[in-house]
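Colleague:
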């Protein structure tokens, strides 16, 4: 699950009612190759430049000629939150509430031919580690 500074209420309830052991809950921050993060989404395991390229491919026609680059994003550990802050700063509205459709970004990322040959080795290792951990928890 996404790692946030406070636990998700639904996850806390699942553990509280003993539907799952807290030892079997993992978060993306455990697999980040970046500096330890207090908040982390699955997107934060991917290279920022590749995500920005996908963001531009997905939403470029609605960005009013502005192009986000990593240096123009506000500081923070979560790239999605940084992009949403950038949109607000640039006064660009892609959707009510100032956010954007994350599935559209994911589709654009995959459509840019993202595969094991185009991912940096650290990124690929992070995803391999996630699946290895999930498999070990299922045994």
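Residue numbers (this note's numbering): 6 to 144.
Beta carbons: idealized from backbone N, C-alpha and C, even for Gly.
Which stretch, first to last residue, makes up the alpha helix (DSSP H) that contains residue 114?
Modeller: Taking the first residue of the chain shown as 1, we reach residue 114 at position 109. 107–116 is the span of the alpha helix (DSSP H), which, as asked, contains residue 114.
Colleague: Kindly indicate the opening and closing residues of the alpha helix (DSSP H) around residue 140.
Modeller: On the chain shown, residue 140 is found 135 positions in, with the first residue counted as 1. Residue 140 -> alpha helix (DSSP H) spans 126–143.
Colleague: Pick helix, strand or coil for residue 81, following the three-state DSSP scheme.
Modeller: Residue mapping note: residue 81 aligns to position 76 of the chain shown, counting from 1. Reduced to three states, the DSSP call for residue 81 is coil.
Colleague: Identify, in the order they occur along the chain, each residue of the same chain with its Cβ nearer than 8 Å to the Cβ of residue 182, setting aside the five sequence neighbours on each side.
Modeller: Outside the shown range of the chain, which is 6 to 144, sits residue 182, and nothing can be said about it.
Colleague: With respect to the alpha helix (DSSP H) encompassing residue 61, which residues constitute its N-terminal and C-terminal limits?
Modeller: The residue labelled residue 61 in the question sits at position 56 within the chain shown. 53–64 is the span of the alpha helix (DSSP H), which, as asked, contains residue 61.
Colleague: Taking 8 Å as the cut-off, decide whether the C-beta atoms of residue 110 and residue 36 are in contact.
Modeller: Locating residue 110 in the chain shown gives position 105, where the first residue counts as 1. Locating residue 36 in the chain shown gives position 31, where the first residue counts as 1. In this structure, residue 36 does not lie closer than 8 Å to residue 110 by Cβ.
Colleague: Going by the CB atoms, is the gap between residue 117 and residue 97 shorter than 8 Å?
Modeller: On the chain shown, position 92 is the one that residue 97 refers to. On the chain shown, position 112 is the one that residue 117 refers to. Not a contact, by the Cβ cut-off of 8 Å.
Colleague: Reducing DSSP to helix, strand and coil, say where residue 20 ends up.
Modeller: Within the chain shown, the letter at position 15 stands for residue 20. Residue 20 falls in the helix class under three-state DSSP.
Colleague: Please report the distance separating the alpha-carbon of residue 48 from that of residue 85.
Modeller: The residue given as residue 48 occupies position 43 in the chain shown. The residue given as residue 85 occupies position 80 in the chain shown. Going from the Cα of residue 48 to the Cα of residue 85 covers about 7 Å.
Colleague: Quick check: residue 138 and residue 31, are their CB atoms within less than 8 Å of each other?
Modeller: By 1-based counting over the chain shown, the position of residue 138 is 133. By 1-based counting over the chain shown, the position of residue 31 is 26. Yes, the pair counts as a contact, with Cβ atoms nearer than the cut-off.
Colleague: Which residues in the same chain have their Cβ closer than 7 Å to the Cβ of residue 76, if we skip the five residues on either side of it in sequence?
Modeller: Your numbering for residue 76 matches position 71 in the chain shown. Excluding positions up to five away in sequence, the list is empty.
Colleague: Taking 8 Å as the cut-off, decide whether the C-beta atoms of residue 64 and residue 99 are in contact.
Modeller: The residue you call residue 64 lines up with position 59 of the chain shown. The residue you call residue 99 lines up with position 94 of the chain shown. Yes.
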